[in-house]
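Colleague:
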Amino acid sequence: MGTQESDERTDTTAAGGTGRRALLGAAVLGVGGTVLGLGGTARAAEGRPGTSRRAGGRGLKGLPVPTVIGHRGASGYRPEHTFGAYDLALDLGADIVEAGDLVPTRDGHLVCRHEPEIGGTTDVADHPEFAGRKRTKQLDDVSVTGWFTEDFTLAELKRLRAVERIPANRPHNTLYDGRWGIPAFEEVLRWQDEQTRRRGKQVWIYPELKHPTYFRKLGLGTEELLARLLRKHGKDRRNSPVVIQSFEPTSIRRMSRLVGNPLAVLLSGANSRPWDFVESGDPRRVADLVTPKGLEEIASYAQGIGPTLDLVIPRDAAGNLTEPTALVRDAHRAGLILHPYTMRNENPFLPADFRRGGDPDAYGDVFGAFRAYFATGIDGVFTDHPDTALLAREDFVNG
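Residue numbering for the sequence shown follows our numbering, starting at 572 and increasing by one per position.
This is the structure in structure tokens:
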């Protein structure tokens with residue numbers, strides 16, 4: 572997930588039609604969700620307390636729903652986008668691991684970092700040999716100062732070590748600063764195969780293309796780089812265990828012409844505009860994309876959406892949850908699944924009515940918050956704490 576997320580802004584201060592849509596939809600829809608019918612239409616699925624409804628279809632067959640997606644791994648417990656975080660997400664039971672916010676290197680490799688600027692997630696500032704690489708750049712019209720992956724080769728990035736990105740909220744994670752390096756995405760694809768063999772079940776990953784318009788202007792077409800890797804590893808098909816996401820709809824549309832993978836469009840705040848829309852002069856905002864018409868358009872090339880949780884249940888001026896919107900219903904009618912982001916245990920990231928105390932690293936009533944979101948019929952959720960999400964799902968499914 573990227574800087575377009577409303578909750579990520581808080582962090583820093585504290586083509587592919589019915590076939591692929593049916594694959595992903597039939598695979599992960601279940602409790603309170605939908606089952607896709609012929610022609611990509613959707614029907615409501617009646618979930619009954621005390622039952623454990625599971626998904627059907629190939630690939631993700633048998634995956635429980637709501638699906639638990641380890642956000643950048645188990646990033647509530649380990650520095651994000653490290654093999655330590657990815658391994659732990661699987662150990663804790665995550666159904667899918669968001670293994671890869673993908674950004675390129677100078678020599679055309681994709682690596683896994685939250686943003687192209689790596690001053691906050693690595694020890695690059697402690698490397699005097701890279702002091703001269705510090706720059707100020709315009710990243711999607713935001714002035715950002717630091718070190719950027721596109722100014723390093725993969726070999727140079729391999730000399731760095733990962734650190735906790737939000738130590739004020741997760742001081743316990745700083746224990747692991749320096750333990751792991753920066754994963755290249757090709758290493759992630761091999762890790763996926765290794766973990767699938769070791770664990771005896773298919774491991775799924777959910778990489779995100781970060782700032783593709785920004786990188787394309789630099790001559791680094793990240794969609795083509797990703798498609799090339801997926802083809803090389805035989806993971807570019809409609810039932811391949813890799814779901815691709817981006818905040819830029821045109822990037823996902825481009826991917827729909829390059830690979831057969833399930834695809835999802837990420838959606839930030841209602842009043843925001845995807846950066847590719849800004850660059851192309853498209854006046855639409857996210858509010859336009861979440862209308863029935865906008866969702867039908869997304870469904871013509873993608874199989875799912877990843878909305879911010881506030882698009883599912885808005886918050887009032889005090890930060891408390893209000894009433895759910897029609898997004899879940901309208902997306903399901905369009906044949907789309909919904910995997911909102913991001914559930915976290917710590918107080919600052921929860922709706923105000925579920926916070927307990929004021930400590931920035933203390934946990935609130937996250938089970939109550941999960942219950943409220945699951946009740947809307949979402950098909951899964953990104954979470955930094957997969958173990959908590961799994962317990963919340965068990966409570967929800969069992970009534």
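Beta carbons are placed, not taken as given, at the ideal position from N, Cα and C, and that holds for glycine.
Predicted, not measured: the structure shown is a model, and the values here were computed from it.
Going by CA-CA distance only, name the one from Gly-749, Pro-738, Val-899 and Leu-780 that's closest to Phe-756.
Modeller: Along the sequence shown, one-based indexing puts residue 756 at 185. Ranking Gly-749, Pro-738, Val-899 and Leu-780 by Cα distance to Phe-756 puts Leu-780 first.
Colleague: Buried or exposed for Ala-807, please, with buried defined as at least 16 other CB atoms from any protein chain shown within 10 angstroms of its CB.
Modeller: Taking the sequence shown and counting its residues from 1, the one referred to as residue 807 is at position 236. What sits at residue 807 in the sequence shown is Asp, not Ala. The residue in question, Asp-807, is buried, as its Cβ has 16 or more Cβ neighbours within 10 Å.
Colleague: Are the CB atoms of Leu-834 and Leu-882 nearer to each other than 8 Å?
Modeller: For the purposes of this step, residue 834 is taken as the residue at position 263 of the sequence shown. For the purposes of this step, residue 882 is taken as the residue at position 311 of the sequence shown. It is not a contact, given that the beta carbons lie outside the stated cut-off.
Colleague: Tell whether a beta-carbon distance below 8 Å holds between Val-813 and Pro-783.
Modeller: As a working mapping, residue 813 is identified with position 242 in the sequence shown. As a working mapping, residue 783 is identified with position 212 in the sequence shown. Against a cut-off of 8 Å, the Cβ pair of Pro-783 and Val-813 comes out as no contact.
Colleague: Could you check how far apart the C-beta atoms of Glu-794 and Ser-822 are, in whole angstroms? I think they sit under 8 Å.
Modeller: What you label residue 794 is simply residue 223 of the sequence shown in a count that begins at 1. What you label residue 822 is simply residue 251 of the sequence shown in a count that begins at 1. Their Cβ separation, rounded to whole angstroms, is 6 Å, which keeps Glu-794 and Ser-822 in contact under 8 Å.
Colleague: Who are the near neighbours of Tyr-944 in its chain, counting only those whose CB is closer than 8 Å to its CB and skipping five residues on each side?
Modeller: Residue numbering aside, residue 944 sits at position 373 when the sequence shown is read from its first letter. The answer, listed in chain order, is Leu-880, Val-883, Ile-884, Pro-911, Met-914 and Val-952.
Colleague: Where Pro-637 and Ile-667 are concerned, what is the direct C-alpha to C-alpha distance, given to the nearest angstrom?
Modeller: Here residue 637 refers to the residue found at position 66 of the sequence shown. Here residue 667 refers to the residue found at position 96 of the sequence shown. Each residue's alpha carbon lies about 12 Å from the other.
Colleague: Gly-664 and Asp-958 - do their beta-carbons sit closer together than 8 Å?
Modeller: By one-based count along the sequence shown, residue 958 stands at place 387. By one-based count along the sequence shown, residue 664 stands at place 93. In this structure, Gly-664 lies closer than 8 Å to Asp-958 by Cβ.
Colleague: Any Cβ of chain D within less than 8 Å of the Cβ of Arg-704?
Modeller: This model lacks chain D altogether; it includes just one protein chain.
Colleague: Less than 6 Å between C-beta atoms, sequence neighbours within five positions excluded: which residues of the same chain meet that for Asn-918?
Modeller: For the purposes of this step, residue 918 is taken as the residue at position 347 of the sequence shown. Taken in chain order, the residues that qualify are Arg-926, Ala-933 and Gly-935.
Colleague: Since I believe Thr-947 is in contact with Val-899 (beta carbons under 8 Å), could you give me their beta-carbon distance rounded to a whole number of angstroms?
Modeller: Here residue 899 refers to the residue found at position 328 when the sequence shown is read from its first residue. Here residue 947 refers to the residue found at position 376 when the sequence shown is read from its first residue. Confirmed, about 5 Å.
Colleague: Among all the DSSP beta bridges, which residues are the ones paired with Glu-688?
Modeller: Looking up residue 688 in the sequence shown gives position 117. Bridge partners of Glu-688: Phe-719.
Colleague: List in chain order: all unbroken beta strand (DSSP E) runs of 3+ residues lying wholly within the segment 800-835.
Modeller: DSSP runs (the beta strand (DSSP E)) wholly in the segment 800-835: 815-817.
Colleague: Since Cys-683 contacts Asp-672 with CB under 8 Å, what's their CB separation in whole angstroms?
Modeller: In the sequence shown, residue 683 corresponds to position 112, counting from 1. In the sequence shown, residue 672 corresponds to position 101, counting from 1. About 6 Å separates the two Cβ atoms, so the contact holds.
Colleague: Count the other C-beta atoms from every protein chain shown that fall within 10 angstroms of the C-beta of Gln-766, then say buried if there are 16 or more, exposed otherwise.
Modeller: On the sequence shown, residue 766 is found 195 positions in, with the first residue counted as 1. Result: buried.
Colleague: Would you check if the distance between the CB atom of Glu-688 and the CB atom of Phe-654 is smaller than 8 Å?
Modeller: The count along the sequence shown starts at 1 and reaches residue 688 at position 117. The count along the sequence shown starts at 1 and reaches residue 654 at position 83. Their beta carbons are not under 8 Å apart, which means Glu-688 does not touch Phe-654 by this criterion.
Colleague: In three-state terms, what does DSSP make of Thr-767?
Modeller: Taking the first residue of the sequence shown as 1, we reach residue 767 at position 196. DSSP places Thr-767 in helix when its eight states are reduced to three.
Colleague: Following the continuous beta strand (DSSP E) through Asp-672, name the residue where it begins and the one where it ends.
Modeller: The residue given as residue 672 occupies position 101 in the sequence shown. Looking at the DSSP string, the run of the beta strand (DSSP E) that includes Asp-672 is 672-675.
Colleague: Tell me whether Val-639, by its Cβ, gets closer than 7 Å to a heavy atom of the ligand PLP.
Modeller: As for the ligand PLP, it is missing from this structure, which has no ligand bound.
Colleague: Can you tell which of Val-759, Glu-669, Pro-742 and Val-734 has the C-alpha that lies nearest to the C-alpha of Gly-749?
Modeller: Stepping through the sequence shown from its first residue, residue 749 is reached at position 178. Of Val-759, Glu-669, Pro-742 and Val-734, the residue nearest in Cα terms is Val-734.
Colleague: Taking only three categories from DSSP, how would you classify Ser-868?
Modeller: Looking up residue 868 in the sequence shown gives position 297. It is Glu, not Ser, that sits at residue 868 in the sequence shown. Three-state result, Glu-868: helix.
Colleague: For Glu-819 and Ile-876, I'd like the C-alpha separation in whole angstroms.
Modeller: Locating residue 819 in the sequence shown gives position 248, counting from the first residue. Locating residue 876 in the sequence shown gives position 305, counting from the first residue. Between Glu-819 and Ile-876, the C-alpha separation is close to 12 Å.
Colleague: Thr-954 to Gly-644, Cα distance in whole Å?
Modeller: Within the sequence shown, numbered from 1, the residue matching residue 954 stands at position 383. Within the sequence shown, numbered from 1, the residue matching residue 644 stands at position 73. C-alpha separation (whole angstroms): 9 Å.
Colleague: Expressed to the nearest angstrom, what Euclidean distance is found between the alpha-carbon atoms of Arg-704 and Glu-727?
Modeller: The residue given as residue 704 occupies position 133 in the sequence shown. The residue given as residue 727 occupies position 156 in the sequence shown. When rounded, the distance between both Cα atoms is 12 Å.
Colleague: Can you tell me where the alpha helix (DSSP H) holding Thr-707 begins and where it ends?
Modeller: Start at 1 with the first residue of the sequence shown, and residue 707 comes out as number 136. Here Thr-707 belongs to no alpha helix (DSSP H); instead the beta strand (DSSP E) covers 706-710.
Colleague: To the nearest whole angstrom, what separates the beta carbons of Leu-800 and Leu-760, a pair I think is in contact under 8 Å?
Modeller: Here residue 800 refers to the residue found at position 229 when the sequence shown is read from its first residue. Here residue 760 refers to the residue found at position 189 when the sequence shown is read from its first residue. With 8 Å as the limit, Leu-800 and Leu-760 qualify as a contact, their Cβ atoms being about 7 Å apart.
Colleague: Pull up the distance between the alpha-carbon of Arg-769 and that of Leu-659, whole angstroms please.
Modeller: Position 198 of the sequence shown holds residue 769. Position 88 of the sequence shown holds residue 659. Spanning the two alpha carbons is a distance of roughly 14 Å.
Colleague: If you reduce the DSSP assignment to three classes, tell me which class Val-602 lands in.
Modeller: Taking the sequence shown and counting its residues from 1, the one referred to as residue 602 is at position 31. Model confidence at Val-602 stands at a pLDDT of 32, short of 50, so the residue's coordinates are unreliable and nothing is read from them.
Colleague: Identify the residues that DSSP records as bridge partners of Ala-755: which are they?
Modeller: For the purposes of this step, residue 755 is identified with residue 184 of the sequence shown, where counting begins at 1. The partner list for Ala-755 (beta bridge, DSSP) reads Val-682.
Colleague: Quick one: grab the DSSP three-state call for Glu-735.
Modeller: One-based indexing of the sequence shown puts residue 735 at position 164. Coil at Glu-735, not helix or strand.
Colleague: In the structure shown, what three-state DSSP assignment does Thr-954 receive?
Modeller: One-based indexing of the sequence shown puts residue 954 at position 383. Strand, per DSSP.
Colleague: For Ala-585, which residues from the same chain have a beta carbon less than 8 Å from its beta carbon, with the 5 sequence-adjacent residues on both sides left out?
Modeller: What you label residue 585 is simply residue 14 of the sequence shown in a count that begins at 1. Any reading at Ala-585 needs caution, since the residue's pLDDT is 40, under 50, leaving its predicted position unreliable; the model's value is listed next. Closer than 8 Å at Cβ, skipping near neighbours: Ile-737, Ala-739, Asn-740, Pro-919 and Pro-931.
Colleague: Alpha carbons only, please: which of Arg-730, Trp-751 and Thr-716 is nearest the one belonging to His-652?
Modeller: As a position in the sequence shown, residue 652 is number 81, starting the count at 1. Per the Cα distances, Trp-751.
Colleague: If you drop the 5 nearest sequence neighbours on each side, which residues of the same chain put their C-beta closer than 6 Å to that of Gly-865?
Modeller: The residue labelled residue 865 in the question sits at position 294 within the sequence shown. So the list reads Asp-859, once near-sequence residues are dropped.
Colleague: Mapping the DSSP letters down to three states, classify Pro-783 as helix, strand or coil.
Modeller: Taking the sequence shown and counting its residues from 1, the one referred to as residue 783 is at position 212. It is helical.
Colleague: Could you give the distance in angstroms between the alpha-carbon of Lys-729 and the alpha-carbon of Gly-790?
Modeller: Reading the sequence shown from its first residue, position 158 is the one you call residue 729. Reading the sequence shown from its first residue, position 219 is the one you call residue 790. Whole-angstrom Cα-Cα distance: 23 Å.
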